[in-house]
Amino acid sequence: MSSNKTTTAGVLKDRKMLLRAVGDAFRKLAPRTQVKNPVMFLVFVSAILTSILFIVSLFGIRDAQPGFILGIAVILWFTVLFANFAEAIAEGRGKAQADTLRAAKREVEAHRIPAPGRRDEITKVLSADLKKGDFVIVTAGEQIPGDGEVVEGAASVDESAITGESAPVIREAGGDRSAVTGGTMVLSDWIVIRITSDPGESFLDKMISMVEGAARKKTPNEIALEIFLVALSIIFILVTMSLYAYSLFSANQMGVPNPTSVTALVALLVCLAPTTIGALLSAIGIAGMSRLNEANVLAMSGRAIEAAGDVDTLLLDKTGTITLGNRQASEFIAVDGHSVRELADAAQLSSLPDETPEGRSVVILAKEKFNIRQRSLEGTDMKFIPFTAKTRMSGVDTNEFQIRKGAADAMKAYVESSGGIYSRECEDVVTKIANQGGTPLVVAKNHIILGVIYLKDIIKSGVKEKFADLRKMGIRTVMVTGDNPLTAAAIAAEAGVDDFISEATPETKLEKIRELQNKGHMVAMTGDGTNDAPALAQADVAVAMNTGTQAAKEAGNMVDLDSSPTKLIDIVRIGKQLLMTRGSLTTFSIANDVAKYFAIIPALFMSLYPGLATLNIMKLHSAESAIFSAIIYNALIIIALIPLALKGVKYREVSAGKLLSRNLLIYGLGGIIAPFICIKVIDMLLVLFGLF
Numbered sequence: 001m002s003s004n005k006t007t008t009a010g011v012l013k014d015r016k017m018l019l020r021a022v023g024d025a026f027r028k029l030a031p032r033t034q035v036k037n038p039v040m041f042l043v044f045v046s047a048i049l050t051s052i053l054f055i056v057s058l059f060g061i062r063d064a065q066p067g068f069i070l071g072i073a074v075i076l077w078f079t080v081l082f083a084n085f086a087e088a089i090a091e092g093r094g095k096a097q098a099d100t101l102r103a104a105k106r107e108v109e110a111h112r113i114p115a116p117g118r119r120d121e122i123t124k125v126l127s128a129d130l131k132k133g134d135f136v137i138v139t140a141g142e143q144i145p146g147d148g149e150v151v152e153g154a155a156s157v158d159e160s161a162i163t164g165e166s167a168p169v170i171r172e173a174g175g176d177r178s179a180v181t182g183g184t185m186v187l188s189d190w191i192v193i194r195i196t197s198d199p200g201e202s203f204l205d206k207m208i209s210m211v212e213g214a215a216r217k218k219t220p221n222e223i224a225l226e227i228f229l230v231a232l233s234i235i236f237i238l239v240t241m242s243l244y245a246y247s248l249f250s251a252n253q254m255g256v257p258n259p260t261s262v263t264a265l266v267a268l269l270v271c272l273a274p275t276t277i278g279a280l281l282s283a284i285g286i287a288g289m290s291r292l293n294e295a296n297v298l299a300m301s302g303r304a305i306e307a308a309g310d311v312d313t314l315l316l317d318k319t320g321t322i323t324l325g326n327r328q329a330s331e332f333i334a335v336d337g338h339s340v341r342e343l344a345d346a347a348q349l350s351s352l353p354d355e356t357p358e359g360r361s362v363v364i365l366a367k368e369k370f371n372i373r374q375r376s377l378e379g380t381d382m383k384f385i386p387f388t389a390k391t392r393m394s395g396v397d398t399n400e401f402q403i404r405k406g407a408a409d410a411m412k413a414y415v416e417s418s419g420g421i422y423s424r425e426c427e428d429v430v431t432k433i434a435n436q437g438g439t440p441l442v443v444a445k446n447h448i449i450l451g452v453i454y455l456k457d458i459i460k461s462g463v464k465e466k467f468a469d470l471r472k473m474g475i476r477t478v479m480v481t482g483d484n485p486l487t488a489a490a491i492a493a494e495a496g497v498d499d500f501i502s503e504a505t506p507e508t509k510l511e512k513i514r515e516l517q518n519k520g521h522m523v524a525m526t527g528d529g530t531n532d533a534p535a536l537a538q539a540d541v542a543v544a545m546n547t548g549t550q551a552a553k554e555a556g557n558m559v560d561l562d563s564s565p566t567k568l569i570d571i572v573r574i575g576k577q578l579l580m581t582r583g584s585l586t587t588f589s590i591a592n593d594v595a596k597y598f599a600i601i602p603a604l605f606m607s608l609y610p611g612l613a614t615l616n617i618m619k620l621h622s623a624e625s626a627i628f629s630a631i632i633y634n635a636l637i638i639i640a641l642i643p644l645a646l647k648g649v650k651y652r653e654v655s656a657g658k659l660l661s662r663n664l665l666i667y668g669l670g671g672i673i674a675p676f677i678c679i680k681v682i683d684m685l686l687v688l689f690g691l692f
């Protein structure tokens, strides 16, 4: 039942979007809107001109038959409307998402306080009255009134209104998870927030503006392509004017009326101009940004998406991106004649009170390997010894024994201080684990070493294959980690990255990015902390985590609302797909123009030059039917290509050379063949229905 409701809701939403797009297509007929797209402005002017020629023809001043002029004028107006519709339907996705975000953005009552620690001095104000630098306290059940950073307390926050993720997240003072967004809800406890944006400049305001396209600016590549299309259009204007002058001269020389009307030449100009890509260019850019929004990534500019498509080097954090983020126990290695079961038993006892992922993994491994189960600390005399940065070990004490587990050097000092022996066998095992990229935890019972727990960074499933795909695309991956070089090298080899940076600091990341850029590379990286801000600001594509600090978000040119470090790979794919789609449809459009030229010109001038009949390979019925068929095809192909412009050309992880060859074959050859077939079919239908 719920499935039917969902389907019905989806259909209604799509219908609403289509109706809004149709309305927007007519609203975009305003000259100030049309002039923003020079190629389609040429069609707009042509539609006006042919409309005027039709009105004039009604008074006897005929350029051609009134019916023919009217037909051309109507089709040209539809061509403009179809181009507007393509842009409007692309914008419709963003507007639908913006409507959802506006619903989350509402004015609420805020509890302003003078400063952290003075929570008893509350002033109630509206969220719209809050300014940058104000402090507010938000308690369970209240909406966060504005963007800010947590400066005191910790709370569970529902961010589903922004991210779409229903699971709550923890936001707390200090660290890299202190940023909060206006419109989200505190579910438990309380936090004091310092507001970091003025009214109208919040993250939600920027997000609404970006997703509905209001803040979208043309990218450098888009501007360059548009200049190229304008240059082509100017060339075709000159060609068309020359053809009219030449046909007029030839007709006078032959003493016959000029068979080529202004209406026919205007239609020819529209057919030859790159109207297909001109109509879809804006829609392709908007759809690319929309696909990024659907991936829960907010791009601060279209340039950032294009840059993602040109990226050839990815800097990826090891923890959380390449590995799961928590090291897990993978093996018990006994030393000095002790049994593995004895080691597992002691290791599990010391880990029972340990709620860290590493501690839990030790307990689970002992259960799986030796079926050691159903142990509890309740009702025992065990005393848990917590891990500290100073001792670098943890364990349990009872009246009968003492168990400790910890870093190798700390355990060596602990054992030897009590007269115990740290054997060469133990040292060899520790070295071997470290060389393999793991973390050795030494376990001792009553100051006697039993063995070593092998904690391993677990490589995420499928990561190695993803990196192999990126390599096919010509993208080099660099792992960034604070681990020592030996550990980093082992993990890099297992993950399949091309290079690694070990013992990385913020300065190291910044220097590496600059070094790569100086060599001509386009670099992308992710980050969430204040210490990542310099490197994010330097990178060509900088993806800041939504859970990160305000400094990181301001330094980046994209924000990942899901805060998933692996999203960078998807962003690169979306960027490359945008560039591929634009390139493929440009190729198709230009190939179309070449084909239409050879389809129309022979039919148009056959009456003046009968020899051109041999070039009329499609055997079109007449010059008028040829022009009419071509102009109809020119309008319909825009509608036919809208789904491809919105969805994007399917991306494949192959080299640039193979992609170019494939696209030239499909969109280049296809662009030449399609007009010949379609124009001939339309011509036959026009004749069949007696229109010519």
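So the sequence shown is numbered by the UniProt record's numbering: it starts at 1 and just counts up by one.
Yeah, the Cβ is synthetic: ideal placement off N, Cα and C, and Gly gets one too.
No experiment lies behind these values; they were computed from the predicted model shown.
- The shortest CA-to-CA distance from L81 to any of I672, K445, N634, M558 is the one to N634.
- Its Cα nearest to that of T481, the residue D532 stands out among D532, Y597, R93.
- By the 16-neighbour rule on beta-carbons within 10 angstroms, V463 is buried.
- In this structure, DSSP gives E87 a helical state, which the three-state scheme calls helix.
- With a threshold of 16 other beta carbon atoms within 10 Å, N592 meets it and is buried.
- Taking C-beta separations shorter than 7 angstroms and ignoring five residues to either side along the sequence, the partners of F676 in its chain run A595, A599, M618, following chain order.
- At the C-beta level, F384 and A344 stay beyond 8 angstroms of one another.
- Between A287 and M558, the beta carbon gap of about 17 angstroms keeps them out of contact (Cβ cut-off 8 angstroms).
- L18 is not a Cβ neighbour of L280, given a cutoff of 8 angstroms.
- A distance below 8 angstroms between beta-carbons, with the five flanking residues on each side excluded, links P66 to the following residues of its chain, in chain order: F54, S57, L58.
- Under the three-state reduction of DSSP, M618 is assigned to coil, being neither helix nor strand.
- DSSP links V415 through a beta bridge to no other residue.
- When the five nearest sequence neighbours on each side are left out, the beta carbons in the same chain lying within less than 6 angstroms of the beta carbon of T581 are those of I284, G648, V649, in order along the chain.
- The C-beta distance from C426 to I403 rounds to 16 angstroms, too long to meet the 8 angstroms contact threshold.
- Excluding sequence positions up to five before and after G670, its CB lies within less than 7 angstroms of the CB of F588, all in the same chain and listed in chain order.
- In chain order, Q34, N84, E87, A88 place their CB closer than 8 angstroms to the CB of K28, counting only its own chain and leaving out the 5 sequence neighbours on each side.
- In its chain, beyond the 5 residues on either side, K445, N446 have a beta carbon closer than 8 angstroms to the beta carbon of F401.
- Burial check for R194: the Cβ neighbour count within 10 Å reaches 16 or more, so the residue is buried.
- Assignment of beta-bridge partners to T526 by DSSP yields V543.
- With respect to V186, I144 sits close: the two C-beta atoms are nearer than 8 angstroms.
- Look at R177 here: in three-state DSSP terms it is coil, with no helix or strand label.
- Note: Y454 is bridge-paired with E331, P440 in the DSSP secondary-structure output.
- Here the alpha carbons of T566 and V687 stand approximately 58 angstroms from one another.
- By the neighbour-count definition (other C-beta atoms within 10 Å, threshold 16), Y246 is an exposed residue.
- Annotation: the continuous beta strand (DSSP E) that includes T477 extends over 476-480.
- Taking every protein chain shown into account, the CB of V335 has 16 or more other CB atoms within 10 angstroms, so this residue is buried.
- Taking 8 angstroms as the cut-off, the Cβ atoms of T196 and G153 do not count as close.
- Between the stretch 515-528 and the stretch 308-317, the count of Cβ pairs shorter than 8 angstroms is three or higher; the stretches touch.
- Just measuring C-alpha positions, the residue of P506, A539, E503 sitting nearest R514 is A539.
- Annotation note: the stretch 487-527 contains the following uninterrupted alpha helix (DSSP H) runs of length 4 or greater, listed N- to C-terminal: 506-518.
- Here the stretch 500-515 does not lie against the stretch 336-355, with fewer than 3 beta-carbon pairs under 8 angstroms apart.
- Under the criterion of beta carbons closer than 8 angstroms, L76 and V43 qualify as touching, at roughly 6 angstroms.
- Here DSSP, grouped into helix, strand and coil, assigns I421 to coil.
- In this structure I61 is exposed. Its beta-carbon is surrounded by fewer than 16 other beta-carbon atoms within 10 angstroms.
- Contact check between the stretch 231-240 and the stretch 266-273: three or more CB pairs, one atom from each, fall below 8 angstroms, which counts as touching.
- E107 carries a coil assignment under DSSP once its states are collapsed to helix, strand and coil.
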